[in-house]
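Quick note: the sequence shown, position 138, residue 180 per our numbering, numbers continuous.
All residues carry an ideal CB built from backbone N, CA and C; glycine is no exception.
All remarks here apply to the structure that follows.
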Amino acid sequence: MLQSTIEHIVTDPTLHAKWLNTLSYMENCGARMISKCEHPTRTNLMVLKHAAEEHRHAYYLKKMIDRVQEGACETYEVEELLAGHTSRHYLHRLDIFASKYLQEKLGLAGEELKYVAYLYVTYAIEVRADDLYPVYHEILKKHDSPVSVWNIIKEEEGHLEEMIGALEKFDPLWETHAKVILAYEEGVFQNWMGVVSDEVGISTAQLNYN
Ligand SMILES: [Fe+2]
Ligand SMILES: [Fe+2]
Numbered sequence: 043m044l045q046s047t048i049e050h051i052v053t054d055p056t057l058h059a060k061w062l063n064t065l066s067y068m069e070n071c072g073a074r075m076i077s078k079c080e081h082p083t084r085t086n087l088m089v090l091k092h093a094a095e096e097h098r099h100a101y102y103l104k105k106m107i108d109r110v111q112e113g114a115c116e117t118y119e120v121e122e123l124l125a126g127h128t129s130r131h132y133l134h135r136l137d138i139f140a141s142k143y144l145q146e147k148l149g150l151a152g153e154e155l156k157y158v159a160y161l162y163v164t165y166a167i168e169v170r171a172d173d174l175y176p177v178y179h180e181i182l183k184k185h186d187s188p189v190s191v192w193n194i195i196k197e198e199e200g201h202l203e204e205m206i207g208a209l210e211k212f213d214p215l216w217e218t219h220a221k222v223i224l225a226y227e228e229g230v231f232q233n234w235m236g237v238v239s240d241e242v243g244i245s246t247a248q249l250n251y252n
């Protein structure tokens, strides 16, 4: 499903511009979420690096739009995104779920809850990024696209390692909670991908053959 939808998008400049804009938007949401979770005085180098890199991913993907369709998608208004409304709620849904879950299971609150939710939500997003970007990268290569996401892939791999390191330090049982949050994210992702596929005109019947 993922492959055939992305392949269809990459071969159409208008859709490809919107796809890049959507990824840029999601990266920007991620960056803003990290900044929002930052402790006012105890923010460390890892968090600063992470926020800076996610902001740069958003900027870089936005810049790439010119390579497929010059001047397209200047804003993040819904009509310039793929699955606009669903994309807008993706991270928010995940953040709300994780925060509630961690509050109930671990009894966390305030700044601590914010930071721990940041670790788990970011972990889930990095797992997704490590799955999605390589698929996109292979399709870009196959079609000799002027767009490249190779540098993003390398940085997302680093983020995933950092999140695992931080979660291991926080709780030896982190994987139990991570599994619950990953399962929720899988549902959010499948729903998002379904809306994207519908919007770009890939029917479920077509997807079953891929
Ligand atoms: Fe990123
Ligand atoms: Fe990342």
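Nearest neighbour of V89 by Cα position, chosen from D54, D240, A208, A140, turns out to be A208. A Cβ-Cβ separation of about 20 Å leaves L202 out of contact with S190 under the 8 Å criterion.
A contact between stretches requires three or more CB pairs, one per stretch, nearer than 8 Å, and the region 116-136 fails this requirement with the region 210-219. About 7 Å separates the beta carbons of M43 and S239, which is inside the 8 Å limit, making them a contact pair.
Per DSSP, the continuous alpha helix (DSSP H) segment holding L133 begins and ends at 126-148. Taking 8 Å as the cut-off, the beta carbon of Y162 is found closer than this to the beta carbon of H219. By the neighbour-count criterion, in which 16 or more other beta carbons inside 10 Å mark a residue as buried, A171 falls on the buried side.
When C-beta atoms of the region 63-78 are compared with those of the region 43-53, fewer than three pairs fall below 8 Å, so the two segments do not count as touching.
In this structure T64 touches L123 by the C-beta definition: roughly 5 Å separates them, less than 8 Å. For I195, the Cβ stays outside the 7 Å cut-off from all heavy atoms of ligand 1. E69 has its CB nearer than 7 Å to a heavy atom of ligand 1.
Excluding sequence positions up to five before and after Y132, its CB lies within less than 7 Å of the CB of M68, V230, W234, all in the same chain and listed in chain order.
Y157 and H81 have their C-alpha atoms spaced approximately 8 Å apart. DSSP places Y118 in no alpha helix (DSSP H); its state is neither H nor E.
Every residue whose Cβ sits closer than 6 Å to any heavy atom of ligand 2 is listed here in chain order: E96, E168, A171, E198, H201. In this structure, L136 lies away from Q145, with their beta-carbon atoms at least 8 Å apart. Shortest gap from the CB of G72 to any heavy atom of ligand 1: under 7 Å.
In this structure, ligand 1 has a non-hydrogen atom nearer than 7 Å to the beta-carbon of H99. Going by beta carbons, E204 and Y175 fall outside the 8 Å limit. If you ignore the 5 residues before and after E112, its C-beta comes within less than 8 Å of no other C-beta in its own chain.
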